[in-house]
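>
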Amino acid sequence: MKFHEMTSGALAAVDRDQTLVVLPIAAVEQHGPHLPTGTDLIICGAVAEALERALPESVLLLPTHWLGASAHHLRFGATMTAELDTYIATLGEMARQPLADGFQRVLFLNGHGGNVDPMKIALRELHIEFPRAILSGASYWSIAAAVIAAGLEGEDKAVGHACEFETSIIQHLRPELVDDEKRAHAGPSLPDEIEGLFVSRDMKQRTRTGCTGRPDLATAEKGAAMFTGIVERVGIAARAMLAEPLPE
39 MKFHEMTSGA
49 LAAVDRDQTL
59 VVLPIAAVEQ
69 HGPHLPTGTD
79 LIICGAVAEA
89 LERALPESVL
99 LLPTHWLGAS
109 AHHLRFGATM
119 TAELDTYIAT
129 LGEMARQPLA
139 DGFQRVLFLN
149 GHGGNVDPMK
159 IALRELHIEF
169 PRAILSGASY
179 WSIAAAVIAA
189 GLEGEDKAVG
199 HACEFETSII
209 QHLRPELVDD
219 EKRAHAGPSL
229 PDEIEGLFVS
239 RDMKQRTRTG
249 CTGRPDLATA
259 EKGAAMFTGI
269 VERVGIAARA
279 MLAEPLPE
């Protein structure tokens, strides 16, 4: 079920207790010299739509929210962002409406790293208002971490930025948007964690090119295989949220 394709009458008839409301959240920001600014939007939206196709009777999909928390990319330009307080409030408002309408199960499906912390804060704030609802959220890559690690050839087995993973997925979903002439080894990048400590660095400090890892190793075939595995794993997570008993 797609919220934006349904009438108010059809939405009124949807089971409030046994439907998972899925809110995909992404970003539009620079993705190095070879990927489109809408990379996160394209990937997250595709995963969410594939999930809805797999569970059409029990998933109510809202449109993918394209504006993310992306201030750490601003110095590279080609980036849209919301202030953190604004973003947290926006996530709360998007989820609050279906919750106020009686829906009891909500999933933020995230497709951008900068959204993770504000997403968790928004969920914590919503829980105060809706303690009997099941409020969940995760990045698709954390749900499917093993699938992604198994599909990557380079030394880095996790999702970076315009990396081997994201480049492979865009090659699979939208190959015409990849500038292959500018796809290259990203070179060294600085971590945002040292000895268990979070270190606040923007992308300009972390990488010279605005991307990380080995986009030069990306292929559409890798992207297709990983995308299939991601959708399967997200489907398992969605079914788990549908099976979870509602709080007393």
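Counting from 39, one number per residue, gives the positions in the sequence shown under our numbering. Cβ atoms here follow ideal geometry from the backbone N, Cα and C, with glycine treated the same way.
#1: Which term fits residue 152, buried or exposed, when burial requires 16 or more other beta carbons within 10 angstroms of its beta carbon?
#2: Just curious, the alpha helix (DSSP H) that residue 141 is in, first and last residue?
#3: Looking only at its own chain, which residues have a Cβ that is under 6 Å from the Cβ of residue 40, when we skip the five neighbours before and after it?
#4: Cα separation between residue 169 and residue 110?
#5: Tell me, please, which residues DSSP counts as bridged to residue 69.
#6: Taking DSSP as the reference, what is the three-state secondary structure of residue 93?
#7: Mind checking residue 42: buried by the 16 CB within 10 Å criterion, or exposed?
#8: Assuming residue 159 contacts residue 126 under a Cβ cut-off of 8 Å, what Cβ separation, rounded to an integer in Å, is found between them?
#9: Report the CB separation of residue 96 from residue 145 in whole angstroms; it is logged as a contact under 8 Å.
#10: How is residue 114 classed by DSSP in three states: helix, strand or coil?
Let me spell this out:
#1: Translated into positions along the sequence shown, residue 152 becomes position 114. It is buried - the Cβ of residue 152 has at least 16 other Cβ atoms within 10 Å.
#2: Taking the sequence shown and counting its residues from 1, one reaches residue 141 at position 103. No alpha helix (DSSP H) contains residue 141, which DSSP labels as neither H nor E.
#3: Residue numbering aside, residue 40 sits at position 2 when the sequence shown is read from its first letter. Cβ within range, chain order: 99.
#4: The count along the sequence shown starts at 1 and reaches residue 169 at position 131. The count along the sequence shown starts at 1 and reaches residue 110 at position 72. Their backbone Cα atoms lie some 33 Å apart in a straight line.
#5: The residue given as residue 69 occupies position 31 in the sequence shown. Residue 69 is bridged to 71, 73.
#6: The count along the sequence shown starts at 1 and reaches residue 93 at position 55. Residue 93 carries a coil assignment under DSSP once its states are collapsed to helix, strand and coil.
#7: For the purposes of this step, residue 42 is identified with residue 4 of the sequence shown, where counting begins at 1. Exposed: under 16 other Cβ atoms inside 10 Å.
#8: Within the sequence shown, residue 159 is the residue found at index 121, counting from 1. Within the sequence shown, residue 126 is the residue found at index 88, counting from 1. The C-beta separation of residue 159 from residue 126 comes to about 5 Å, placing the pair in contact by the 8 Å criterion.
#9: As a first step, residue 96 is located in the sequence shown; it is residue number 58 there, counting from the start. As a first step, residue 145 is located in the sequence shown; it is residue number 107 there, counting from the start. With 8 Å as the limit, residue 96 and residue 145 do not qualify as a contact, their Cβ atoms being about 12 Å apart.
#10: Counted from its first residue, the sequence shown places residue 114 at position 76. Correct three-state label for residue 114: helix.
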